[in-house]
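To keep things clear, I will list the structure first and then write my remarks on it.
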Amino acid sequence: MSMESFEQSDNELTSTLPVQIRKVPKSLEEIVRITKFNKSEIRLLYKGFKQECPSGAVTEREFQAIYSHFFPHGNCQYYTTYLFRVLDRRKRMYFTFEDYIQTLSILVRGTIKEKLQWIFRFYDISDAGKLTKQTIETILHSIYNLLGPNNCLHQPLTDATIEKHSALIFEKLDFHHVGSINFDDFENYCLHDEQLLNTIKLLSTTTI
Numbered sequence: 001m002s003m004e005s006f007e008q009s010d011n012e013l014t015s016t017l018p019v020q021i022r023k024v025p026k027s028l029e030e031i032v033r034i035t036k037f038n039k040s041e042i043r044l045l046y047k048g049f050k051q052e053c054p055s056g057a058v059t060e061r062e063f064q065a066i067y068s069h070f071f072p073h074g075n076c077q078y079y080t081t082y083l084f085r086v087l088d089r090r091k092r093m094y095f096t097f098e099d100y101i102q103t104l105s106i107l108v109r110g111t112i113k114e115k116l117q118w119i120f121r122f123y124d125i126s127d128a129g130k131l132t133k134q135t136i137e138t139i140l141h142s143i144y145n146l147l148g149p150n151n152c153l154h155q156p157l158t159d160a161t162i163e164k165h166s167a168l169i170f171e172k173l174d175f176h177h178v179g180s181i182n183f184d185d186f187e188n189y190c191l192h193d194e195q196l197l198n199t200i201k202l203l204s205t206t207t208i
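All residue numbers for the sequence shown refer to full-length UniProt numbering, where the first residue is 1 and numbers rise by one.
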């Protein structure tokens with residue numbers, strides 16, 4: 001069964017995107033196959049995606065503009081840069097509905113291991129296959145900047161506060177004391193943290 005709107009969105013891409021790498025899902029069945037959503041959920045998600053992204057392809061600048069509407073009091077520049085890196089799986093300088101829904105499928109319907117792999121990749125901003133205290137601190141900075149000054153923290157937010165928070169997290173993760181964390185270390189820690197696992201599992205109950 002072809003999904004006509006997918007084909008139409010391909011034709012609507014702006015001329016700034018090279019023709020040879022323009023790609024949208026060919027059919028509804030294909031999206032069902034590569035995700036854990038059913039046809040009704042995919043149609044609903046695609047409708048929302050098209051409302052925010054009429055061209056069918058989202059550049060980093062457009063992604064930042066979308067986030068700025070949801071976090072008007074914060075600075076979303078750095079957070080969206082790191083998140084865009086994960087969504088743009090094929091390094092084309094834009095992502096499509098297919099990229100978006102595959103990520104959403106992992107976060108909402110994926111196994112614990114799949115979710116942890118995604119989280120690890122998000123924090124691994126240098127694509128080094130490992131996390132350091134600096135990378136964790138960088139991501140935390142981006143999150144606090146995203147939330148802005150009205151984030152209901154009970155203490156003043158300073159660079160020193162973020163550095164202390166990052167150090168505490170890293171100390172728990174780096175139980176080998178080697179200065180970096182690979183995915184196996186990260187997974188092992190998370191699987192033994194019941195509160196963290198429950199938080200991750202809550203993603204599976206998100207209403208589409």
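Even glycine gets a Cβ: it sits at the ideal position worked out from N, Cα and C.
Quantities reported herein were computed from a predicted structural model and do not represent experimental measurements.
Nearest residue (CA-CA) to residue i, options the options
| i | options | result |
| --- | --- | --- |
| V58 | I112, I181, Y100, K201 | Y100 |
| F122 | F49, L147, R85 | R85 |
| Q77 | E62, S27, R90 | E62 |
| H69 | E52, T81, Y82 | E52 |
| S71 | T138, K50, K36, S142 | Note that residue 71 is Phe in the sequence shown, not Ser. Taking only the C-alpha atoms, the option nearest F71 is S142. |
| D185 | D159, Q117, K201, T199 | Q117 |
CB contact flag (residue i, residue j, <8 Å)
| i | j | result |
| --- | --- | --- |
| Y144 | L157 | yes |
| I31 | I42 | yes |
| F120 | F183 | yes |
| L173 | Y189 | yes |
| T135 | D124 | yes |
| T80 | Q64 | yes |
Rounded distance between the beta-carbons of residue j and residue i, thought under 8 Å
| i | j | result |
| --- | --- | --- |
| L87 | F95 | 4 Å |
| S166 | K133 | 6 Å |
| T82 | I162 | Sequence check: residue 82 is Tyr here, not Thr. Going by Cβ atoms, the distance from Y82 to I162 rounds to 15 Å, so no, they are not a contact pair. |
| R109 | K36 | 4 Å |
is_contact[residue i, chain C] using C-beta, thresh 8 Å
| i | result |
| --- | --- |
| L191 | Among the chains of the structure shown, chain C does not appear; only one protein chain is present. |
Sequence-distant residues of the same chain with beta carbon closer than 7 Å to residue i, five excluded per side
| i | result |
| --- | --- |
| residue 265 | A query on residue 265 cannot be resolved here, the shown segment of the chain reaching from 1 to 208 and no further. |
| F49 | F97, Y100 |
| N137 | Reading off the sequence, residue 137 comes out as Glu, not Asn. So the qualifying residues of the chain are I162, E163, S166. |
| R89 | D99 |
| G129 | N182 |
One or two residues paired with residue i in a DSSP bridge
| i | result |
| --- | --- |
| T96 | A57 |
| L131 | I181 |
Beta-carbon proximity list for residue i, same chain, < 8 Å, skipping 5 on both sides
| i | result |
| --- | --- |
| T111 | none |
Close beta carbons around residue i, own chain, < 6 Å, minus the five adjacent residues each side
| i | result |
| --- | --- |
| Q195 | none |
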